[in-house]
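Report on the structure given below.
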Amino acid sequence: MVTSTCTVVKGGPEQAAAASAQLLILAGLTAAFGLGPLGVLVGVVYAVGLLGLLSAAMHRAGRSVLGPADLVTLARALLVGGVTAIVAEGLLTGWTAHGALVAIASVALALDAVDGKVARRTGTASPVGARFDMEVDAFLVLVLSVHVAGIVGPWVLAIGGMRYAFVAAGRLLPWLRGPVPPSYVAKAVAAVQGVVLVVAASQLLPPHLTVALVAVALAMLVWSFARTVWQLWPAARVPSAG
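Residues 1 to 242 (full-length UniProt numbering) are what the sequence shown spells out, left to right.
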């Protein structure tokens, strides 16, 4: 993506506002649904990690401000913090709030279609923004996978873990970090994962249909990653210079 200059607000106040917004989300979940202290703690730790990593990424890129699209992505990331708190509380105490989880995750997924459009229309697309968007997507899918694993089985964790496994493999096999042509198919497959996991989390479908739906989503994801590896494979056979 091409970096361009834009009118933005300074990052410090934005991040302070983001921290406050995360606390408000956690407070709302506590008041409305009974989120416990463990879930709140996880949500706070998540927010600290999120804002710390975002600050570090902006510093490395020589940026001190967030663009309009980045603000949308940041809002999505805060919603993911709420989902993370709900899932963590459920794992640690058995407490559940399926309705809240599905509602918050659905909004986060819907906003995924917004930040890209904002970036294009305002001319504020940037590598940092694209990476931020991708990481938020990946983490939401991971957290949803953890939740859905308790519904259909631990094999669902493969959906959330596959992207991280691919990144880890790239550290051992540098050719896996090579560029690949943009693919609308790959983007569609990635988008399907979040939608399917939210449907599974809602438990609106009969159990056997939920299992089948998630299995199809996993098969699509395996195919997509295999396709990417196949595209990158020729680079593995090219001798490195020196």
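Ideal placement from N, C-alpha and C gives every residue a C-beta, glycine not left out.
Of the listed residues the options, nearest to residue i (C-alpha basis)
{"i": "ARG131", "options": "VAL87, LEU54, ALA17, ALA217", "result": "LEU54"}
{"i": "ALA61", "options": "ASP133, VAL40, VAL128, VAL48", "result": "VAL128"}
{"i": "ALA110", "options": "GLY194, LEU221, THR210, PHE225", "result": "GLY194"}
{"i": "VAL44", "options": "ILE25, ALA31, HIS59", "result": "ILE25"}
Distance, residue j Cα to residue i Cα
{"i": "PRO68", "j": "ARG121", "result": "10 Å"}
{"i": "GLU14", "j": "TRP233", "result": "42 Å"}
{"i": "MET162", "j": "ALA212", "result": "19 Å"}
{"i": "ASP216", "j": "VAL189", "result": "Per the sequence shown, the amino acid found at residue 216 is Val instead of Asp. Straight-line Cα distance between these residues: approximately 11 Å."}
{"i": "LEU173", "j": "ARG227", "result": "17 Å"}
{"i": "GLY82", "j": "PRO154", "result": "22 Å"}
{"i": "VAL152", "j": "MET134", "result": "26 Å"}
{"i": "LEU23", "j": "GLN231", "result": "43 Å"}
{"i": "ARG63", "j": "THR124", "result": "13 Å"}
{"i": "PRO37", "j": "ILE86", "result": "11 Å"}
{"i": "VAL42", "j": "VAL136", "result": "17 Å"}
{"i": "residue 248", "j": "GLY178", "result": "What the structure shows of the chain is the stretch from 1 to 242, and residue 248 is not part of that stretch, so it cannot be assessed."}
{"i": "VAL229", "j": "TRP175", "result": "9 Å"}
Residue range of the alpha helix (DSSP H) that includes residue i
{"i": "ARG63", "result": "Premise fails: ARG63 is in no alpha helix (DSSP H) and is neither H nor E."}
{"i": "GLN193", "result": "184-202"}
{"i": "GLY116", "result": "98-122"}
{"i": "VAL167", "result": "157-172"}
{"i": "GLY150", "result": "127-152"}
Inter-residue CB distance, residue i and residue j (contact presumed, cutoff 8 Å)
{"i": "ILE200", "j": "VAL148", "result": "Reading off the sequence shown, one finds Ala at residue 200, where the question assumed Ile. With a Cβ gap of about 5 Å, ALA200 and VAL148 count as contacting."}
Taking contact to mean at least 3 C-beta pairs separated by less than 8 Å, is the segment 84-96 in contact with the segment 182-193?
Contact between the segment 84-96 and the segment 182-193 is not established, with fewer than three Cβ pairs separated by less than 8 Å.
Indicate whether the contact test is met: 3 or more Cβ pairs, each with one atom in the segment 56-75 and one in the segment 110-128, closer than 8 Å.
The segment 56-75 is in contact with the segment 110-128.
Just checking, does the segment 34-53 make contact with the segment 102-118 on the three C-beta pairs under 8 Å criterion?
Using a Cβ-Cβ distance cut-off of 8 Å, the segment 34-53 and the segment 102-118 are not in contact, since fewer than three pairs of beta carbons, one from each stretch, lie closer than that value.
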